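In our numbering, the protein residues as written are 5 to 134.
Working notes, beginning with the structure itself.
Listed below in C-alpha coordinates is the structure:
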(Lines of atoms letter the chains of each structure in order from A; the text may use other names.)
(Lines give C-alpha, C1' and ligand atoms only; values in the text may rest on other atoms or scores of the structure.)
Protein backbone atom coordinates (compact mmCIF):
# COMPACT_ATOMS: atom_id res chain seq x y z
CA UNK A 5 0.00 0.00 0.00
CA UNK A 6 1.17 3.50 -0.72
CA UNK A 7 1.01 5.87 2.22
CA UNK A 8 1.97 9.44 2.92
CA UNK A 9 4.35 10.34 5.73
CA UNK A 10 6.22 13.35 6.98
CA UNK A 11 9.96 13.00 6.88
CA UNK A 12 12.04 15.39 8.98
CA UNK A 13 14.59 17.32 6.94
CA UNK A 14 17.03 20.12 7.69
CA UNK A 15 14.46 22.63 6.44
CA UNK A 16 11.41 21.23 8.20
CA UNK A 17 9.14 18.34 7.23
CA UNK A 18 8.89 17.07 3.71
CA UNK A 19 6.09 14.83 2.48
CA UNK A 20 7.15 11.72 0.66
CA UNK A 21 5.28 8.80 -0.78
CA UNK A 22 6.05 5.44 0.76
CA UNK A 23 5.00 1.85 0.16
CA UNK A 24 3.93 -0.29 3.11
CA UNK A 25 4.77 2.63 5.39
CA UNK A 26 8.51 1.98 5.19
CA UNK A 27 9.68 1.49 1.60
CA UNK A 28 9.55 4.36 -0.83
CA UNK A 29 8.76 3.77 -4.47
CA UNK A 30 12.27 4.53 -5.68
CA UNK A 31 13.71 1.92 -3.30
CA UNK A 32 11.23 -0.73 -4.45
CA UNK A 33 12.04 0.04 -8.09
CA UNK A 34 15.79 -0.20 -7.35
CA UNK A 35 15.17 -3.58 -5.70
CA UNK A 36 13.59 -5.04 -8.85
CA UNK A 37 17.02 -6.11 -10.08
CA UNK A 38 18.88 -6.56 -6.79
CA UNK A 39 16.10 -8.20 -4.78
CA UNK A 40 13.14 -8.99 -7.07
CA UNK A 41 11.33 -11.04 -4.43
CA UNK A 42 11.32 -8.10 -2.00
CA UNK A 43 10.32 -5.66 -4.75
CA UNK A 44 7.52 -7.96 -5.90
CA UNK A 45 6.16 -8.28 -2.38
CA UNK A 46 5.96 -4.49 -2.08
CA UNK A 47 4.90 -3.56 -5.61
CA UNK A 48 2.12 -6.15 -5.80
CA UNK A 49 0.50 -5.11 -2.53
CA UNK A 50 -1.91 -2.58 -4.03
CA UNK A 51 -2.38 1.16 -4.00
CA UNK A 52 -3.99 3.25 -1.28
CA UNK A 53 -7.08 5.33 -2.02
CA UNK A 54 -5.32 8.63 -1.31
CA UNK A 55 -2.87 7.92 -4.13
CA UNK A 56 -5.62 6.92 -6.57
CA UNK A 57 -7.51 10.11 -5.81
CA UNK A 58 -4.55 12.42 -6.36
CA UNK A 59 -3.81 14.23 -9.60
CA UNK A 60 -0.45 12.46 -9.95
CA UNK A 61 -1.66 9.09 -8.68
CA UNK A 62 -2.27 7.53 -12.09
CA UNK A 63 1.36 8.08 -13.09
CA UNK A 64 2.64 6.46 -9.87
CA UNK A 65 0.20 3.56 -10.16
CA UNK A 66 1.32 2.90 -13.73
CA UNK A 67 4.97 3.00 -12.68
CA UNK A 68 4.34 0.64 -9.74
CA UNK A 69 2.41 -1.76 -11.97
CA UNK A 70 5.09 -1.74 -14.68
CA UNK A 71 7.86 -2.46 -12.19
CA UNK A 72 5.64 -5.00 -10.41
CA UNK A 73 5.37 -6.97 -13.66
CA UNK A 74 9.16 -6.79 -14.07
CA UNK A 75 9.74 -8.02 -10.50
CA UNK A 76 7.13 -10.78 -10.90
CA UNK A 77 8.78 -11.94 -14.11
CA UNK A 78 12.13 -12.15 -12.36
CA UNK A 79 10.66 -14.08 -9.42
CA UNK A 80 8.74 -16.46 -11.70
CA UNK A 81 11.88 -17.36 -13.65
CA UNK A 82 14.13 -17.64 -10.60
CA UNK A 83 14.99 -20.48 -8.25
CA UNK A 84 12.64 -19.13 -5.55
CA UNK A 85 10.24 -21.40 -3.73
CA UNK A 86 7.25 -22.84 -5.58
CA UNK A 87 4.95 -20.68 -3.45
CA UNK A 88 6.76 -17.47 -4.46
CA UNK A 89 6.88 -18.47 -8.11
CA UNK A 90 3.18 -19.39 -8.12
CA UNK A 91 2.28 -16.00 -6.58
CA UNK A 92 4.39 -14.24 -9.23
CA UNK A 93 2.81 -16.22 -12.07
CA UNK A 94 -0.70 -15.53 -10.75
CA UNK A 95 0.16 -11.83 -10.65
CA UNK A 96 1.47 -11.99 -14.22
CA UNK A 97 -1.58 -13.94 -15.38
CA UNK A 98 -3.80 -11.11 -14.16
CA UNK A 99 -1.49 -8.29 -15.25
CA UNK A 100 -0.99 -9.69 -18.75
CA UNK A 101 -4.07 -11.83 -19.47
CA UNK A 102 -3.16 -12.21 -23.16
CA UNK A 103 0.04 -14.12 -22.37
CA UNK A 104 -0.41 -17.87 -22.58
CA UNK A 105 3.22 -18.30 -21.47
CA UNK A 106 2.32 -17.32 -17.88
CA UNK A 107 -0.50 -19.86 -17.79
CA UNK A 108 1.68 -22.59 -19.26
CA UNK A 109 4.43 -21.91 -16.71
CA UNK A 110 1.86 -21.93 -13.90
CA UNK A 111 0.40 -25.24 -15.10
CA UNK A 112 3.88 -26.79 -15.38
CA UNK A 113 4.83 -25.58 -11.91
CA UNK A 114 1.67 -27.08 -10.40
CA UNK A 115 2.23 -30.37 -12.25
CA UNK A 116 5.87 -30.54 -11.14
CA UNK A 117 4.65 -30.09 -7.56
CA UNK A 118 2.16 -32.94 -8.08
CA UNK A 119 -0.90 -30.70 -7.81
CA UNK A 120 -2.91 -31.77 -10.85
CA UNK A 121 -6.07 -30.11 -9.49
CA UNK A 122 -4.37 -26.69 -9.38
CA UNK A 123 -2.94 -27.28 -12.86
CA UNK A 124 -6.41 -28.10 -14.20
CA UNK A 125 -7.86 -25.02 -12.47
CA UNK A 126 -5.24 -22.78 -14.12
CA UNK A 127 -6.07 -24.33 -17.50
CA UNK A 128 -9.81 -23.79 -16.96
CA UNK A 129 -9.18 -20.18 -15.91
CA UNK A 130 -7.41 -19.53 -19.22
CA UNK A 131 -10.40 -20.69 -21.22
CA UNK A 132 -12.90 -19.00 -18.89
CA UNK A 133 -11.26 -15.62 -19.60
CA UNK A 134 -11.92 -15.93 -23.35
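A virtual CB, placed ideally from N, CA and C, is assigned to each residue, including glycine.
Keep in mind it's a predicted model, so treat the numbers as computed, not measured.
Taking the runs of the beta strand (DSSP E) that are 3 residues or longer, which of them lie wholly in the segment 56 to 99? none
Chain-order list of residues whose beta-carbon lies under 7 Å from that of residue 97 (same chain, five-residue window excluded): Translated into positions along the chain shown, residue 97 becomes position 93. Contacts found: 106, 107 and 110.
Is there contact between the segment 77 to 94 and the segment 55 to 65, where contact requires at least three CB pairs shorter than 8 Å? no
For residue 123, which residues from the same chain have a beta carbon less than 7 Å from its beta carbon, with the 5 sequence-adjacent residues on both sides left out? Mapped onto the chain shown, residue 123 falls at position 119. These residues qualify, in order along the chain: 111, 114 and 115.
If residue 75 and residue 43 are in contact, beta carbons under 8 Å, what's the gap, nearest whole angstrom? Along the chain shown, read from residue 1 onward, the residue named residue 75 stands at position 71. Along the chain shown, read from residue 1 onward, the residue named residue 43 stands at position 39. Confirmed, about 4 Å.
How far does the alpha helix (DSSP H) with residue 108 in it extend, from its first residue to its last? What you label residue 108 is simply residue 104 of the chain shown in a count that begins at 1. Note, residue 108: alpha helix (DSSP H), 104 to 116.
Can residue 88 and residue 41 be called in contact, C-beta distance under 8 Å? If you number the chain shown from 1, residue 88 lands on position 84. If you number the chain shown from 1, residue 41 lands on position 37. In contact: residue 88 and residue 41 (Cβ atoms closer than 8 Å).
Start and end residues, alpha helix (DSSP H) containing residue 42: The residue given as residue 42 occupies position 38 in the chain shown. Start and end: 40 to 47.
Name the two residues that bound the continuous alpha helix (DSSP H) containing residue 120. Position 116 of the chain shown holds residue 120. Per DSSP, residue 120 belongs to the alpha helix (DSSP H) from 120 to 132.
Rounded to the nearest angstrom, what separates residue 127 and residue 120 at their Cα positions? Counted from its first residue, the chain shown places residue 127 at position 123. Counted from its first residue, the chain shown places residue 120 at position 116. Their backbone Cα atoms lie some 10 Å apart in a straight line.
Taking residue 49 as the reference, give the member of 29, 103 and 37 with the closest Cα. Within the chain shown, the letter at position 45 stands for residue 49. For the residues 29, 103 and 37, the minimum Cα distance to residue 49 belongs to 29.
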